[in-house]
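Chemist:
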Amino acid sequence: MNNPALFQAMTPGFDLAQAITEADRCLLCHDPPCSKGCPAETDPGTFIRKLRLHNVTGAIRTIKSNNVLGGACGVLCPTPSLCEKECSATGIGRPVEIGKIQRALVEHGWKIGFRPFRAPSKNGARIAVVGSGPAGLSCAAELAKDGFNVTVFEAREQPGGVIRYGVPAYRFDTAFFEKEMADLASLGVQFQCKTRIDGAEGASKLLKDGYKAVFLGVGLWAAERIPGGEKLAGVLTSVDFLALMREERFAEIGGQVEGKVVAVIGGGSVAMDCVESAAKLGARDAYLVYRRSFAQMPAEEEERLAALRLGVHFLMLNQPVGYASDKSGNVTGVKLLRTRLGDPDASGRRKPSEIRGSEWVLDAQLVVEAIGNRPDSADWSGLVKTDRGGLVVTDEKTGKTSAGFVFAGGDITRGPSLVVEAVQDGKLAARAIRAALA
Amino acid sequence: MAKETGSRSAFGGALDLSVRFCGVRFPNPFLLSSSPVSNSAEMVEKAYEQGWGGVCYKTLNSDRIPIIHPSPRMNAYQYEAKQLVGLQNVEQISDRPLKDNLADFLYLKKKYPDRPIIASIMGFSNNEWAYLAKAAADNGADMLELNFSCPHMTVEGSGHKVGQAFHLLEKFTATVKGAVSIPVLAKMTPNITDMTEPALFAKKGGADGISAVNTFRAISEIGLGDWVAKPNVFGVGAMSGYSGAAIKPIALHFIAEMAQCDELGLPLSAMGGVETWIDALEYLLVGATTVQVTTGIIKYGYQIVQDMIEGLSDYMISRGIAKAEDLIGKALPNLKSTDHFDLARQGIAAFDIDKCVGCGQCYTVCQDAGGQALEWDESTRRPKLVEDKCLSCMICSFICPVPGLISHKEMPKGWARRPTAVMDSALAREVKIPALPLT
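So the protein sequences, as listed, match chains A and B.
Quick note: the first sequence uses my numbering, first residue 1, plus one each step.
Quick note: the second sequence uses my numbering, first residue 1001, plus one each step.
1. So is B/Tyr1079 buried or exposed if we call it buried at 16+ other beta carbons inside 10 Å?
2. Please work out which residues of its chain come closer than 7 Å, Cβ to Cβ, to B/Leu1168, disregarding the five sequence neighbours upstream and downstream, and give them in chain order.
3. In its own chain, which residues sit with a C-beta less than 7 Å from the C-beta of A/Ile355, not counting the 5 before and 5 after it?
4. Which residues in the same chain as A/Ala422 place their Cβ atom closer than 6 Å to its Cβ, once the five residues preceding and following it in sequence are excluded?
5. Tell me whether the beta-carbon of B/Ile1192 lies closer than 8 Å to the beta-carbon of B/Ala1199.
6. Could you round the C-beta distance between A/Val420 and A/Cys77 to whole angstroms and report it? I think they count as a contact, below 8 Å.
7. Between A/Thr21 and chain B, is there a C-beta pair that is closer than 8 Å?
8. Mind checking which residues open and close the beta strand (DSSP E) that includes A/Arg126?
9. Does B/Ala1426 come out as helix, strand or coil in the three-state DSSP assignment?
10. Straight-line CA distance for A/Val189 to A/Ala175?
11. Against chain B, does A/His313 count as a neighbour if the rule is that its beta carbon must be under 8 Å from one of theirs?
12. Is the separation between the beta-carbon of A/Tyr287 and that of A/Ala324 shorter than 8 Å?
13. Taking 8 Å as the CB-CB cut-off, is A/His108 touching chain B?
14. Run through chain A and tell me which residues come within less than 9 Å of B/Glu1378, C-beta to C-beta.
15. Based on Cα-Cα distance, which residue from B/Val1155, B/Leu1032 and B/Leu1146 lies nearest to B/Ile1068?
16. If you measure between the beta carbons of A/Ala200 and A/Asp379, is that distance less than 8 Å?
17. When the Cα of B/Leu1268 is compared with those of B/Glu1275, B/Thr1276 and B/Ala1280, which residue comes out closest?
18. Please confirm whether A/Gly219 and A/Gly131 have their CB atoms less than 8 Å apart.
19. Any beta carbon from chain B within less than 8 Å of A/Gly91's own beta carbon?
20. Using 8 Å as the cut-off, can you tell me whether the region 89 to 96 of chain A makes contact with the region 9 to 26 of chain A, which would need three or more C-beta pairs spanning the two stretches below that distance?
21. My output table needs one value for B/Lys1203: the three-state DSSP class, helix, strand or coil.
22. Name the residues in the region 342 to 362 of chain A whose C-beta lies less than 8 Å from a C-beta of chain B; which are they?
23. Please decide whether B/Gln1050 counts as near chain A, where near means a Cβ-Cβ distance under 8 Å.
24. Run through chain B and tell me which residues come within less than 7 Å of A/Leu28, C-beta to C-beta.
25. For B/Trp1109, name the three-state secondary structure that DSSP assigns.
26. Nearest chain B C-beta to A/Asp425 closer than 8 Å, yes or no?
27. Less than 8 Å between C-beta atoms, sequence neighbours within five positions excluded: which residues of the same chain meet that for B/Lys1384?
28. Beta carbon of A/Arg349, beta carbon of A/Gln296: below 8 Å?
29. Got a sec? Which residues, its chain only, sit under 8 Å from A/Val75 by beta carbon, not counting five neighbours each side?
30. Can you tell me which of B/Cys1359, B/Phe1201, B/Leu1436 and B/Ala1229 puts its alpha carbon nearest to the alpha carbon of A/Pro32?
31. Return the chain-ordered ranges of every alpha helix (DSSP H) run that is complete within the region 199 to 281 of chain A and spans a minimum of 4 residues.
32. Have a look at B/Phe1351 and B/Lys1082 and give me their C-alpha separation to the nearest angstrom.
33. If you measure from the beta carbon of B/Phe1011 to each beta carbon in chain A, is any gap under 8 Å?
34. Going by beta carbon distance, what residues of the same chain come within less than 8 Å of A/Arg242, once the five residues before and after it are set aside?
35. What runs of the alpha helix (DSSP H), each 4 residues or longer, lie entirely inside the region 1225 to 1271 of chain B?
36. Is the distance from the Cβ of A/Phe250 to the Cβ of A/Gln192 below 8 Å?
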């Protein structure tokens, strides 16, 4: 099962001919509902119409000018619950596979060397974007189009944030991402990697250094923990597990998984990525441990089914309460309590309650906690208003924070959310920055 | 074992797909036309095994002028995601030695005596027409088809050049009729205005029937990189024969026009875009006795005849029609010139709105190309018809993705359509209209 080469590359998408065939099913709706279903206004109604009318480069231009990460979104978006959910063709069969068409068009653009952006004429003003994930990249691109000199500061080795370090390569690989970054580079955006802007002080300094505005798109790089896990060898957070696989230490993580019993805790998309990765890396048994049931999992249905098809054991209605370990501090298992579902909670999902006396131990040699991300140690509260969880408070239409000329977007303002939503945050903040500096 | 040709017992009595055409019996009306699909006995045999009722064999040549096909020789016309909606070709008549083709005739007649061979011929001189006619007749051909209609012969003055020079067409027909006693068809080019005119010349020359249409002179595509029309024959494009589903409606009208011409009164072998039993049936209904196919086979293979036979049979059963011949010309009495329309009867588009999926294409086209008779409810995503603005053009129904949602409904006597609004009625005073000369 473990095949590093396969693990590191995405499966091919539609080619242009397949995209045209799929687009042929589009009903070319008046006032297209799919376009309304896209959080980033990527406008599938328009780009599919353009494809139908053989205006292929125009279709690519529509995608990329609305969504600088149009390729990434075509791959990573949970389209069945966004644009495709609104598709009128559902009424006569099934929705048009919009995400696949979008990806195909973007990839076709790379194949034919189409440059969707013209080099903008500079207006001289400098903007600092902190964090190079989807929100930061989107904000940087929009501002660069407006002629701003944009510098993106990134703490890690390479730009990309969650789409480089937070998803497994088989879902979104580096080669694909580098191509999307080349489109962005044509806009003249500058990157300063390995440069951590540490909290309020760092951001204030950027303003003092002459940056006219600062956009915070720093993401959530710490993880919620289960008590005790942090002290044990063999217990990783999803953040660490996924990032390790995207770094030079891929072989090391492979060695920890292959032939072992791996338990992943959580029910969201990140948990699915982790457990699927474990299965693909050759885990003897890959367990997904979740305190509610299959129907309540936040992960997309297709992701859940994909994990099932890979042979993942779905261990539902079990609440992790701690760990079993040996004398040397290695994890040996997860302590679980069985749960039952009661009435719906605030999220509308039935709430699990623990069954007293049902504790048992699931033997595992590696445990990945994928129960939610939170802000890392950087503290922004000296500059901008933050909430109790450390998230930056913004106006959702503009990304404005409580501080002048400081804007924010993406997961650091919303909590864990979609790439496409972060893209939109970046766009909206860019518009607000342009207006503020006008 | 050969597949059914269709003439078999079906609903209680005998279902008879056979037709008699120019005195020759065909087990069903479905024939290969003279083209790449009827190039050799090996090919025709495969077609017969699938059930084809006969062949119009690839046009014979006399070996006097060498025939060389251009390379490449075809180009497909693509529409949206549909491939091969039309087909352009620059293929010539048979490049095989006459002797080989005639030997293949003998093979086919020996093995399939019930399947008639129509030998297509093309001479490059008067004598050559007679020579080829005799050669074909002496080697088993049941009928001849005179190729007056290939629109892209590389031999000067041949093909549809003859079909457009009516006196030549008549002369060559007469020559052939003088040389052989088997029935003779003249094959018409559609690259003229009124097909009845050359058909009448063929009749004067003694033709026993007419076959039509050959391919339409066309340009299916131009290379955008090299500005060479396709097929691109090493840097050169040419206007040449176009066929397939795209030309069917036009070909169908040519057949109907000839069938309605009382002065002509000859049996017709029709072709042009036939792929299904419905296409074939439509040709029968406007007066054809046999139907010939090439492009449909190029697209799907010989197997399509199975569906033509089964489809036509089931249609006949459903209509209680025992003999295919009884279908010939059935639509002609209802086919009239437009001055026969009863303009006092008017209707509108009727919407079965419960079936609607909310795409709104009807709204777009009604606004931009119809009577602006549809309103759009944004919240429910449903169209609403303003009845007295509906032109009954029915374009809404042509793009609606739901079958049966939009239909034409007659309105009661006295119902009137609202006149199209004038944008600014104040401008009426400024309009200048010259006096209308009444004589």
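For every residue, glycine included, the Cβ atom is placed at its ideal position computed from N, Cα and C.
Modeler: To lay it out plainly:
1. exposed
2. Val1162
3. Leu337, Arg338, Thr339 and Arg340
4. Pro134, Ala135 and Gly410
5. no
6. 5 Å
7. yes
8. Arg126 to Val130
9. helix
10. 19 Å
11. no
12. no
13. no
14. Asp31
15. B/Val1155
16. yes
17. B/Ala1280
18. yes
19. yes
20. yes
21. helix
22. none
23. no
24. Gln1361
25. One point to set straight first is that residue 1109 of chain B is Lys, not Trp, in the sequence displayed. Looking at B/Lys1109 - three-state DSSP - the assignment turns out to be helix.
26. no
27. Leu1374, Glu1375, Trp1376 and Asp1377
28. yes
29. Met10, Gly13, Gly99, Arg103, Arg171, Phe172 and Phe176
30. B/Cys1359
31. 199 to 208, 238 to 246, 250 to 257 and 269 to 280
32. 29 Å
33. Confidence in B/Phe1011 is poor, its pLDDT being 48 and thus under 50, which makes the residue's placement unreliable; the coordinate value appears in the next sentence. For B/Phe1011, the answer is no, since every Cβ of chain A falls outside 8 Å of its Cβ.
34. This sequence places Leu at residue 242 of chain A; Arg is not what is there. The answer, listed in chain order, is Tyr165, Gly166, Val167, Pro168, Val270, Asp273, Cys274 and Ser277.
35. 1248 to 1260
36. no
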